[in-house]
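Novice: Here it is: the structure, laid out below.
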Amino acid sequence: MSSPVEKPRQFVMAGFKEPDKMLVAAKRMRETVKGEVETYTPYPMHGIDEALGLPKSIIPKMVGTGALFGVLGGYTLLYWCSVIAYPINVGGRPLHSAPAFIPITFECGVLLSALTAFFGVLAWMGYPRLYHPVFEAPGFRRASIDRFWISIEMAGDDPNALQAELKELGAEETDFVTEQLN
Amino acid sequence: MAEPARTIHPAIAPEPLIQGPDDDLSITDSLFAPVWKPTMKGWWMLFLPALAGTGMLFTAIAYTVWKGIGTWGNNIPIAWAFGIINFVWWIGIGHAGTLISAILLLFQQKWRTSINRFSEAMTLFAVMCAALYPVIHTGRPWFAAYWLFPYPSTLGIWPQFRSPLMWDVFAVSTYFTTSLLFWYLGLLPDLASLRDRSTGKLAQKLYGIFSLGWRGAGRHWRDYMSAYGLLAGVATPLVLSVHTIVSFDFATSQLPGWHTTIFPPYFVAGAVFSGFAMVVTLIVPAREFLGLKHVVTLRHLEAMNKIILATGWIVGYGYCVEIFNDWYSGSRFELGHLGVKMTGPYAPFFWFQMFCNVLVPQIFWFRKIRRSLVIMWIAALFVNIGMWLERFNIIVISLHRDFIPGSWSMYAPSIVDIALFTGTICFFGMNFLLFLRFVPSVAASEIKEMAHEMRHKANV
Numbered sequence: 797m798s799s800p801v802e803k804p805r806q807f808v809m810a811g812f813k814e815p816d817k818m819l820v821a822a823k824r825m826r827e828t829v830k831g832e833v834e835t836y837t838p839y840p841m842h843g844i845d846e847a848l849g850l851p852k853s854i855i856p857k858m859v860g861t862g863a864l865f866g867v868l869g870g871y872t873l874l875y876w877c878s879v880i881a882y883p884i885n886v887g888g889r890p891l892h893s894a895p896a897f898i899p900i901t902f903e904c905g906v907l908l909s910a911l912t913a914f915f916g917v918l919a920w921m922g923y924p925r926l927y928h929p930v931f932e933a934p935g936f937r938r939a940s941i942d943r944f945w946i947s948i949e950m951a952g953d954d955p956n957a958l959q960a961e962l963k964e965l966g967a968e969e970t971d972f973v974t975e976q977l978n
Numbered sequence: 021m022a023e024p025a026r027t028i029h030p031a032i033a034p035e036p037l038i039q040g041p042d043d044d045l046s047i048t049d050s051l052f053a054p055v056w057k058p059t060m061k062g063w064w065m066l067f068l069p070a071l072a073g074t075g076m077l078f079t080a081i082a083y084t085v086w087k088g089i090g091t092w093g094n095n096i097p098i099a100w101a102f103g104i105i106n107f108v109w110w111i112g113i114g115h116a117g118t119l120i121s122a123i124l125l126l127f128q129q130k131w132r133t134s135i136n137r138f139s140e141a142m143t144l145f146a147v148m149c150a151a152l153y154p155v156i157h158t159g160r161p162w163f164a165a166y167w168l169f170p171y172p173s174t175l176g177i178w179p180q181f182r183s184p185l186m187w188d189v190f191a192v193s194t195y196f197t198t199s200l201l202f203w204y205l206g207l208l209p210d211l212a213s214l215r216d217r218s219t220g221k222l223a224q225k226l227y228g229i230f231s232l233g234w235r236g237a238g239r240h241w242r243d244y245m246s247a248y249g250l251l252a253g254v255a256t257p258l259v260l261s262v263h264t265i266v267s268f269d270f271a272t273s274q275l276p277g278w279h280t281t282i283f284p285p286y287f288v289a290g291a292v293f294s295g296f297a298m299v300v301t302l303i304v305p306a307r308e309f310l311g312l313k314h315v316v317t318l319r320h321l322e323a324m325n326k327i328i329l330a331t332g333w334i335v336g337y338g339y340c341v342e343i344f345n346d347w348y349s350g351s352r353f354e355l356g357h358l359g360v361k362m363t364g365p366y367a368p369f370f371w372f373q374m375f376c377n378v379l380v381p382q383i384f385w386f387r388k389i390r391r392s393l394v395i396m397w398i399a400a401l402f403v404n405i406g407m408w409l410e411r412f413n414i415i416v417i418s419l420h421r422d423f424i425p426g427s428w429s430m431y432a433p434s435i436v437d438i439a440l441f442t443g444t445i446c447f448f449g450m451n452f453l454l455f456l457r458f459v460p461s462v463a464a465s466e467i468k469e470m471a472h473e474m475r476h477k478a479n480v
């Protein structure tokens with residue numbers, strides 16, 4: 797991404813009433829235009845990943861790593877505290893009492909996975925980000941309610957031709973938006 | 021779905037999960053209506069007493085901290101009483117929320133969608149109430165973190181990780197954190213819808229900030245759904261582990277009535293049982309007042325009542341195993357415990373517990389009763405009371421007659437105990453009322469997704 801301070805980003809946007817038409821249009825756009833195509837829907841839908849040609853999400857790997865760190869870190873903490881740092885002989889039981897360490901190890905694994913899933917996914921998606929140029933489109937407020945939107949970032953395509961094509965593909969309204977820098 | 025359409029006789033076809041118009045706009049508006057409507061008089065009539073009760077809770081906490089935990093009714097030999105009874109009761113109530121939101125999600129039970137947000141909120145507030153007790157019971161709560169969490173101190177002392185009480189600390193704090201994150205992540209799309217639907221500047225700003233700027237991009241939904249599913253995946257074993265660990269507090273001791281291996285599964289089942297009863301208790305009036313009857317239908321309530329019936333049987337089985345083990349052990353102390361439980365000074369509590377938890381749920385064998393709002397509400401109240409009594413009986417009956425007759429005693433809660441318990445109920449109610457007022461209590465985006473999928477299925 798180029799530095800937004802120098803050059804405001806521009807998008808052609810199209811809002812659809814029917815999700816199926818939007819998916820067809822998104823696919824067509826992705827195959828023909830130079831800029832990045834994105835869809836905006838009020839709820840997750842089958843077909844978006846195929847239309848946009850998205851690879852699999854990275855989140856499972858992220859969370860798996862978190863879980864691994866949680867489990868290893870948890871057990872190490874227990875072992876270090878109970879065996880090395882502060883060994884207490886309780887009725888002659890072994891200092892390294894593995895069965896008694898399992899509950900906390902498990903909880904640490906869950907805690908780290910949950911924290912990674914939540915903060916990881918937000919960071920990966922780039923949230924919090926209260927402003928985004930797509931919000932400039934007047935009808936975009938319904939993208940979280942009952943309309944299905946597409947945005948195409950301008951990278952050398954003709955915005956007017958794109959808007960006409962999107963209208964033809966069934967768009968209810970089309971817009972051309974420019975990022976507001978402060 | 022590519023499956024061939026099957027014709028189902030209308031008499032046995034399941035009722036629709038959404039009644040009335042199912043287009044995206046009407047669903048959104050009907051579910052957000054309670055948030056936009058001016059505050060109802062009835063809301064204030066519930067909120068003000070709840071607020072007053074919360075004041076009482078904090079007064080009771082302040083008094084306990086000021087005077088010491090001697091203000092509570094528990095004393096040797098009944099060293100644990102209201103503190104842990106209410107802790108276990110509240111935690112158990114919380115479990116239904118996670119069960120509904122996580123386990124039913126993994127099993128793809130569509131009916132959960134209408135009640136998951138609601139029950140997750142219930143979980144959060146219940147866990148808050150639960151966590152208060154052990155923290156106050158430390159006597160000096162400002163030291164609690166210093167005693168409980170492993171951090172490097174100049175004293176060079178570390179917590180005793182072989183103690184189930186330490187396991188509890190990790191289990192409950194992990195549980196609260198995970199439930200909060202799961203709930204908030206699920207809330208994001210709806211907060212964005214609220215932002216886009218609000219007319220006031222302030223509401224728009226606040227919902228905008230809390231939605232973190234969510235815009236529902238396709239790339240984001242992919243990662244979001246993945247994270248949401250994974251959170252459900254880790255929450256599922258978590259909820260089982262939490263009550264298992266809570267039961268270890270008892271099961272790892274050698275006291276008759278506690279020292280038994282049935283405790284973990286029986287505690288988990290009891291938690292789900294009481295949690296579903298609490299969901300029914302809360303949702304029956306809420307759907308009436310908030311106008312949610314079209315998404316929380318009788319079919320949803322019936323499904324919950326079936327779960328109450330099923331888990332009631334697991335709990336009943338647990339009681340039988342306990343009794344069998346007392347007899348089969350041949351230990352005089354175990355047998356003595358059994359006798360005291362059934363005929364001792366607290367026997368009425370035990371028999372009333374049996375009535376509430378074993379007999380009352382049996383009425384749900386009848387479809388008419390499973391669908392009768394008044395009867396299910398009263399039955400759910402009985403289950404709530406019964407499950408509270410179960411914890412009371414496990415703790416107090418086992419402790420008040422232990423091995424040496426010289427140390428036998430009786431227990432009665434003090435006024436501070438009662439104020440604390442009533443206070444947590446009010447605190448829970450207050451949080452819940454605030455939740456109903458400012459956040460859509462049914463996940464609108466998920467309902468719309470379900471409606472979309474159902475329309476698709478119908479068109480194929």
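Chains B and R, in that order, are what the protein sequence lines are.
Residue numbering for the first sequence follows my numbering, beginning at 797 and increasing consecutively.
Residue numbering for the second sequence follows my numbering, beginning at 21 and increasing consecutively.
Think of the CB as a built atom: it goes at the ideal place given N, C-alpha and C, for glycine as much as any other residue.
1. Relative to the C-alpha of G117 of chain R, which candidate in R:W63, R:F293, R:C446, R:L71 has its C-alpha closest?
2. Tell me which residue opens and which closes the beta strand (DSSP E) that I946 of chain B is part of.
3. Hey, T444 of chain R and W110 of chain R: beta-carbon distance below 8 Å or not?
4. If you drop the 5 nearest sequence neighbours on each side, which residues of the same chain put their C-beta closer than 6 Å to that of N95 of chain R?
5. Using the beta-carbon count (16 or more within 10 Å), is V886 of chain B buried or exposed?
6. Grab me the residues of V879 of chain B's own chain with a C-beta within less than 7 Å of its C-beta, minus the 5 sequence neighbours each way, in chain order.
7. Would you say H892 of chain B lies against chain R (beta-carbon separation less than 8 Å)?
8. Could you tell me whether the Cβ of D942 of chain B comes closer than 8 Å to any Cβ of chain R?
9. Please return the same chain residues whose Cβ sits closer than 8 Å to the Cβ of I844 of chain B, not counting the five positions on each side in sequence.
10. Check distances from the C-beta atoms of the region 241–256 of chain R to those of chain B and list, in chain order, the residues that come in under 7 Å.
11. Is the Cβ of M148 of chain R closer than 8 Å to any Cβ of chain B?
12. May I have a chain-ordered list of the alpha helix (DSSP H) segments no shorter than 4 residues that lie completely inside the region 286–371 of chain R?
13. Looking at the C-beta of D550 of chain R, does it have a partner C-beta in chain B at a distance below 8 Å?
14. Applying a beta-carbon distance threshold of less than 9 Å, which residues of chain B neighbour M261 of chain R?
15. Listed in chain order, which residues of the region 914–937 of chain B have Cβ atoms closer than 9 Å to some Cβ of chain R?
16. Cα separation between W203 of chain R and S461 of chain R?
17. Evaluate G336 of chain R with the Cβ neighbour count: other Cβ atoms within 10 Å of its Cβ, from every protein chain shown; 16 or more gives buried, anything less gives exposed.
18. Closest by CA to K313 of chain R, which one among R:S183, R:M474, R:L211, R:I135?
19. Quick one: residues in its chain with C-beta nearer than 7 Å to the C-beta of L258 of chain R, no 5 flanking neighbours on either side, listed in chain order?
20. Cβ of G176 of chain R within 8 Å of Cβ of Y882 of chain B?
21. For I424 of chain R, name the three-state secondary structure that DSSP assigns.
22. Can you find a C-beta in chain B that's less than 8 Å from the C-beta of R8 of chain R?
23. Express the C-alpha separation of G114 of chain R and K477 of chain R in angstroms, rounding to a whole number.
24. Run through chain B and tell me which residues come within less than 8 Å of M186 of chain R, C-beta to C-beta.
25. Count the other CB atoms within 10 Å of the CB of M21 of chain R; is the residue buried (16 or more) or exposed (fewer)?
26. Would you mind telling me which residues of chain B sit closer than 9 Å to I229 of chain R, beta carbon to beta carbon, in chain order?
27. Round the Cβ separation of M470 of chain R and T133 of chain R to the nearest angstrom and send it over; I've been treating them as touching at under 8 Å.
28. Would you identify the three-state DSSP class for M21 of chain R, choosing helix, strand or coil?
29. According to DSSP, is Q274 of chain R helix, strand or coil?
30. Using a Cβ cut-off of 8 Å (strictly closer), state whether I948 of chain B contacts chain R.
31. Taking DSSP's pairing of strands, which residues face E473 of chain R in a bridge?
32. Assuming M324 of chain R and F344 of chain R form a contact by the criterion Cβ under 8 Å, report the distance between their Cβ atoms to the nearest whole angstrom.
33. Rounded to the nearest angstrom, what separates L260 of chain R and M60 of chain R at their Cα positions?
Specialist: Checking against the coordinates, here is how it stands:
1. Here residue 117 of chain R is taken as the residue at index 97 of the second sequence, counted from 1. Of the listed residues, the one whose Cα sits closest to G117 of chain R is R:F293.
2. For the purposes of this step, residue 946 of chain B is identified with residue 150 of the first sequence, where counting begins at 1. Run containing I946 of chain B: 944–949, per the beta strand (DSSP E) assignment.
3. Along the second sequence, read from residue 1 onward, the residue named residue 444 of chain R stands at position 424. Along the second sequence, read from residue 1 onward, the residue named residue 110 of chain R stands at position 90. Cβ atoms of T444 of chain R and W110 of chain R: closer than 8 Å.
4. Against the second sequence, residue 95 of chain R aligns to sequence position 75. Correct list: empty, nothing qualifies.
5. For the purposes of this step, residue 886 of chain B is taken as residue 90 along the first sequence, with counting starting at 1. Classification of V886 of chain B: exposed, given that the 10 Å Cβ count is below 16.
6. As a working note, residue 879 of chain B is residue 83 in the first sequence. Excluding sequence neighbours, V879 of chain B sits near L891, H892.
7. Here residue 892 of chain B corresponds to residue number 96 of the first sequence, with the count starting at 1. Not an interface residue.
8. Numbered from its first residue, the first sequence carries residue 942 of chain B at position 146. With 8 Å as the cut-off, D942 of chain B counts as an interface residue toward chain R.
9. The count along the first sequence starts at 1 and reaches residue 844 of chain B at position 48. If we look at I844 of chain B and ignore the five residues flanking it on each side, its Cβ neighbours are L819, A822, T835, T837, L850.
10. Taking 7 Å as the upper bound on Cβ-Cβ separation, chain B lies near residues W241, R242, D243, Y244, M245, S246, A247, L250, L251, V254 of the region 241–256 of chain R.
11. The residue given as residue 148 of chain R occupies position 128 in the second sequence. Chain B contact via Cβ: absent.
12. DSSP runs (the alpha helix (DSSP H)) wholly in the region 286–371 of chain R: 318–349, 352–363.
13. For residue 550 of chain R there is no data in the structure shown, the boundaries of chain R being 21 and 480.
14. Within the second sequence, the letter at position 241 stands for residue 261 of chain R. Reading off the sequence shown, one finds Ser at residue 261 of chain R, where the question assumed Met. The answer, in chain order, is P899, F902, E903, V906.
15. F914, F915, G916, V917, L918, W920, M921, G922, Y923, P924, R925, L926, Y927, H928, V930, F931, F936, R937
16. Locating residue 203 of chain R in the second sequence gives position 183, where the first residue counts as 1. Locating residue 461 of chain R in the second sequence gives position 441, where the first residue counts as 1. If you take the alpha carbons of W203 of chain R and S461 of chain R, they lie about 11 Å apart.
17. In the second sequence, counting from the first residue as 1, residue 336 of chain R sits at position 316. Buried: at least 16 other Cβ atoms inside 10 Å.
18. On the second sequence, residue 313 of chain R is found 293 positions in, with the first residue counted as 1. Selected option, being the one with the closest Cα: R:I135.
19. For the purposes of this step, residue 258 of chain R is taken as the residue at position 238 of the second sequence. Excluding residues within five positions, the ones whose Cβ falls inside 7 Å are T194, Y195, T198.
20. Along the second sequence, one-based indexing puts residue 176 of chain R at 156. Along the first sequence, one-based indexing puts residue 882 of chain B at 86. Their beta carbons are under 8 Å apart, which means G176 of chain R touches Y882 of chain B by this criterion.
21. On the second sequence, position 404 is the one that residue 424 of chain R refers to. In the structure shown, I424 of chain R sits in coil (DSSP, three-state: anything other than H, G, I, E or B).
22. Summary: the structure shown does not reach residue 8 of chain R, with chain R confined to residues 21 through 480, and so no result is reported for it.
23. Here residue 477 of chain R corresponds to residue number 457 of the second sequence, with the count starting at 1. Here residue 114 of chain R corresponds to residue number 94 of the second sequence, with the count starting at 1. Straight-line Cα distance between these residues: approximately 35 Å.
24. What you label residue 186 of chain R is simply residue 166 of the second sequence in a count that begins at 1. Those are I900, listed as they occur along chain B.
25. Here residue 21 of chain R refers to the residue found at position 1 when the second sequence is read from its first residue. Interpretation of M21 of chain R is limited by its pLDDT of 44, a score under 50 that renders its predicted location unreliable; no figure is taken from the coordinates.
26. Looking up residue 229 of chain R in the second sequence gives position 209. Those are P924, L926, listed as they occur along chain B.
27. Working through the second sequence from its first residue, we reach residue 470 of chain R at position 450. Working through the second sequence from its first residue, we reach residue 133 of chain R at position 113. That belief holds up - the Cβ atoms of M470 of chain R and T133 of chain R are roughly 5 Å apart, short of 8 Å.
28. Against the second sequence, residue 21 of chain R aligns to sequence position 1. Confidence at M21 of chain R is low in this model, with a pLDDT of 44, below 50, so the placement of that residue is unreliable and no value is reported for it.
29. Indexing the second sequence from 1 puts residue 274 of chain R at position 254. Note: Q274 of chain R maps to coil in three-state DSSP.
30. By 1-based counting over the first sequence, the position of residue 948 of chain B is 152. For I948 of chain B, the answer is no, since every Cβ of chain R falls outside 8 Å of its Cβ.
31. Position 453 of the second sequence holds residue 473 of chain R. The partner list for E473 of chain R (beta bridge, DSSP) is empty, contrary to what the question assumes.
32. Position 304 of the second sequence, counted from the first residue, corresponds to residue 324 of chain R. Position 324 of the second sequence, counted from the first residue, corresponds to residue 344 of chain R. With a Cβ gap of about 30 Å, M324 of chain R and F344 of chain R do not count as contacting.
33. Your numbering for residue 260 of chain R matches position 240 in the second sequence. Your numbering for residue 60 of chain R matches position 40 in the second sequence. One alpha carbon belongs to L260 of chain R, the other to M60 of chain R, and they sit about 39 Å apart.
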